[in-house]
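Numbering (this note's numbering), first residue to last: 17 to 389. By construction, the Cβ of each residue, glycine as well, lies at the ideal position given by its N, Cα and C atoms. Quick notes on the structure that follows.
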Ligand code: SF4
């Protein structure tokens, strides 16, 4: 009778990316590490992951050999797979990243003279469907976990050669949570990821150099300011509810007045950035500019005018340059800085509102099969 040899059961290796020191210590204790030494080991591991950018345990020379072996067997330090990298003629870089379940997001690095911003995604697809946004044509496939959000920073640092992480002279200085997805509809995981990015013993981003952009999840805005305290950007894009209901559908749940009230209560002493995409003949009149100024009264604010970035099948056109200048002049005259955002990475579909991947929701049968396996 043939003897069937069962292959050894290899427990899935736990991804440690996205865990803070407390969670790392708890995981180490669960693997048998002494409670007394777990905090020291967690601090060392945290340093290797977020200051040295280590992706293999064998380079973690400050850890005992036995722990490195254990990590080899039970921990996953891998980055998401880079499916594609594109470089724009203006220096902007875009990565298409694939996670272990096959879902994909895009991440964009925008270098400037004296700084460099990474635009991170927080959802595969998006909960919302803003009409001017390419991501909005995707359904929400799923939220990203803290590790998948932080991994975008690690991938960018790898590509920029920014390990060990230095305090001065960095290329990647700023984080903008403006990629794919509505971050406040993935609140807890985005909060965990950004708090990790702000940790001075790790990735060490300054709160002043991190901005979260929301389309208007009113109940979460004040909480974000209190619990994380980064800069805030609000996707406003229209000054009348009927138009904003169409352009930014979340407005039907929380209209402009409720959104601006939440902004007045935002507990971070920095001007809020109101993002305003310039759509030809839709929201770019002088009357719109005057109404915008009236609405912002009493809010420390600046207005970021975004020339519309086209994408295949988009139902809008960008306002002419002269119209944008005229709009900005009205807003500036009222005392609100109104810089016009220079489109970056348009040639590789990396500019604002252009991100999209081929990810789609797994079909029910595939979910059942996945659940059964
Ligand atoms: S603008 Fe933001 S919230 Fe709106 S569809 Fe695009 S990614 Fe989603």
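In whole angstroms, what is the alpha-carbon distance linking residue 107 and residue 122? Taking the first residue of the chain shown as position 1, residue 107 is located at position 91. Taking the first residue of the chain shown as position 1, residue 122 is located at position 106. Cα to Cα, residue 107 sits roughly 16 Å from residue 122.
Please name the residue or residues paired with residue 292 in a DSSP beta bridge. Within the chain shown, numbered from 1, the residue matching residue 292 stands at position 276. BP columns for residue 292 point to 321.
For residue 270 and residue 232, which I take to be in contact (beta-carbon distance under 8 Å), what is that distance rounded to the nearest angstrom? Within the chain shown, residue 270 is the residue found at index 254, counting from 1. Within the chain shown, residue 232 is the residue found at index 216, counting from 1. Sure, about 5 Å apart at Cβ, within 8 Å.
Three or more C-beta pairs closer than 8 Å, one from the region 138 to 148 and one from the region 192 to 199: is that the case here? yes
Express the C-alpha separation of residue 144 and residue 235 in angstroms, rounding to a whole number. By one-based count along the chain shown, residue 235 stands at place 219. By one-based count along the chain shown, residue 144 stands at place 128. Straight-line Cα distance between these residues: approximately 16 Å.
Residue 170 vs residue 95 beta-carbon contact at 8 Å: Residue numbering aside, residue 170 sits at position 154 when the chain shown is read from its first letter. Residue numbering aside, residue 95 sits at position 79 when the chain shown is read from its first letter. Their beta carbons are under 8 Å apart, which means residue 170 touches residue 95 by this criterion.
Check for me: the beta strand (DSSP E) holding residue 38 runs from which residue to which? The residue labelled residue 38 in the question sits at position 22 within the chain shown. Unbroken run through residue 38 is the alpha helix (DSSP H), 37 to 46; no beta strand (DSSP E).
Using the C-alpha atoms, what's the distance from residue 335 back to residue 297? Here the question's residue 297 lines up with position 281 in the chain shown. Here the question's residue 335 lines up with position 319 in the chain shown. About 7 Å.
Can you name the residues that DSSP bridges to residue 122? Your numbering for residue 122 matches position 106 in the chain shown. Paired residues: 112.
Shorter than 7 Å, the distance from the beta carbon of residue 369 to the closest heavy atom of the ligand SF4, or not? The residue labelled residue 369 in the question sits at position 353 within the chain shown. Because some heavy atom of the ligand SF4 lies under 7 Å away, the Cβ of residue 369 counts as near it: yes.
Determine the contact status of residue 314 and residue 284, defining contact as a CB-CB distance below 8 Å. Taking the chain shown and counting its residues from 1, the one referred to as residue 314 is at position 298. Taking the chain shown and counting its residues from 1, the one referred to as residue 284 is at position 268. It is not a contact, given that the beta carbons lie outside the stated cut-off.
Collapsed DSSP secondary structure at residue 77 in the structure displayed: Taking the chain shown and counting its residues from 1, one reaches residue 77 at position 61. Coil at residue 77, not helix or strand.
List the residues that DSSP assigns as beta-bridge partners of residue 139. One-based indexing of the chain shown puts residue 139 at position 123. Note: residue 139 sits in a beta bridge opposite 159.
Looking at residue 157: is its Cβ nearer than 8 Å to the Cβ of residue 119? Indexing the chain shown from 1 puts residue 157 at position 141. Indexing the chain shown from 1 puts residue 119 at position 103. Cβ atoms of residue 157 and residue 119: closer than 8 Å.
Who pairs with residue 101 in a beta bridge, going by DSSP? On the chain shown, residue 101 is found 85 positions in, with the first residue counted as 1. According to DSSP, residue 101 bridges with 111.
Taking C-beta to C-beta, are residue 49 and residue 115 nearer than 8 Å? As a first step, residue 49 is located in the chain shown; it is residue number 33 there, counting from the start. As a first step, residue 115 is located in the chain shown; it is residue number 99 there, counting from the start. Contact: no.
Please classify residue 80: is it buried, with 16 or more other beta-carbons within 10 angstroms of its beta-carbon, or exposed? The count along the chain shown starts at 1 and reaches residue 80 at position 64. Answer is exposed; the Cβ neighbour count stays below 16.
Nearest CA to the CA of residue 214: which residue from 230, 111, 245? Residue 214 sits at position 198 when you count from the first residue of the chain shown. Checked all of 230, 111, 245; the closest Cα to residue 214 is 245.
N- and C-terminal bounds of the beta strand (DSSP E) containing residue 250: The residue given as residue 250 occupies position 234 in the chain shown. Its beta strand (DSSP E) spans residues 247 to 251.
Apart from the five residues just before and just after residue 51, which ones in its own chain have a Cβ nearer than 8 Å to its Cβ? Taking the first residue of the chain shown as position 1, residue 51 is located at position 35. Correct list, in chain order: 45.
Considering residue 229, what are the terminal residues of the beta strand (DSSP E) in which it resides? Within the chain shown, the letter at position 213 stands for residue 229. That run of the beta strand (DSSP E) goes 226 to 230.
Does the structure place the region 128 to 135 close enough to the region 338 to 352 that three or more beta carbon pairs sit under 8 Å? no
Ignore the nearest five residues each way along the sequence and tell me which others in residue 372's own chain have a CB closer than 8 Å to its CB. On the chain shown, residue 372 is found 356 positions in, with the first residue counted as 1. Within the same chain, residue 372 has close Cβ partners 122, 150, 151, 153, 154, 196, 327, 365.
Along the chain, where does the beta strand (DSSP E) containing residue 192 start, and where does it finish? Position 176 of the chain shown, counting from 1, holds the residue named residue 192. It spans 190 to 193 - the beta strand (DSSP E) in which residue 192 sits, taken as one unbroken run.
Contact belief for residue 113 with residue 168 at Cβ below 8 Å, rounded distance in angstroms: Locating residue 113 in the chain shown gives position 97, where the first residue counts as 1. Locating residue 168 in the chain shown gives position 152, where the first residue counts as 1. Contact holds; Cβ gap of about 7 Å.
Cut-off 8 Å between Cβ atoms - residues of its own chain near residue 4, not counting five sequence neighbours on either side: Any question about residue 4 goes unanswered here, given that the chain covers just 17 to 389.
Residue span of the alpha helix (DSSP H) that contains residue 331, given as start and end: Stepping through the chain shown from its first residue, residue 331 is reached at position 315. Per DSSP, residue 331 belongs to no alpha helix (DSSP H) and is neither H nor E.
Between the C-alpha atoms of residue 32 and residue 92, what's the straight-line distance to the nearest angstrom? Within the chain shown, numbered from 1, the residue matching residue 32 stands at position 16. Within the chain shown, numbered from 1, the residue matching residue 92 stands at position 76. Going from the Cα of residue 32 to the Cα of residue 92 covers about 6 Å.
Would you say the beta carbon of residue 151 comes nearer than 7 Å to a heavy atom of the ligand SF4? Translated into positions along the chain shown, residue 151 becomes position 135. Correct: residue 151 has its Cβ closer than 7 Å to the ligand SF4.
Would you mind sorting residue 310 into buried or exposed? The rule is 16 or more other CB atoms within 10 Å of its CB. Position 294 of the chain shown, counted from the first residue, corresponds to residue 310. Under this definition residue 310 is an exposed residue.
Look up residue 30 in the DSSP assignment and say whether it is helix, strand or coil. Here residue 30 is taken as the residue at index 14 of the chain shown, counted from 1. Correct three-state label for residue 30: strand.
What separation, rounded to the nearest whole angstrom, lies between the Cα atoms of residue 356 and residue 347? On the chain shown, residue 356 is found 340 positions in, with the first residue counted as 1. On the chain shown, residue 347 is found 331 positions in, with the first residue counted as 1. Looking at the two C-alpha atoms, the distance is approximately 11 Å.
Three-state secondary structure assigned by DSSP to residue 267: By one-based count along the chain shown, residue 267 stands at place 251. It is helical.
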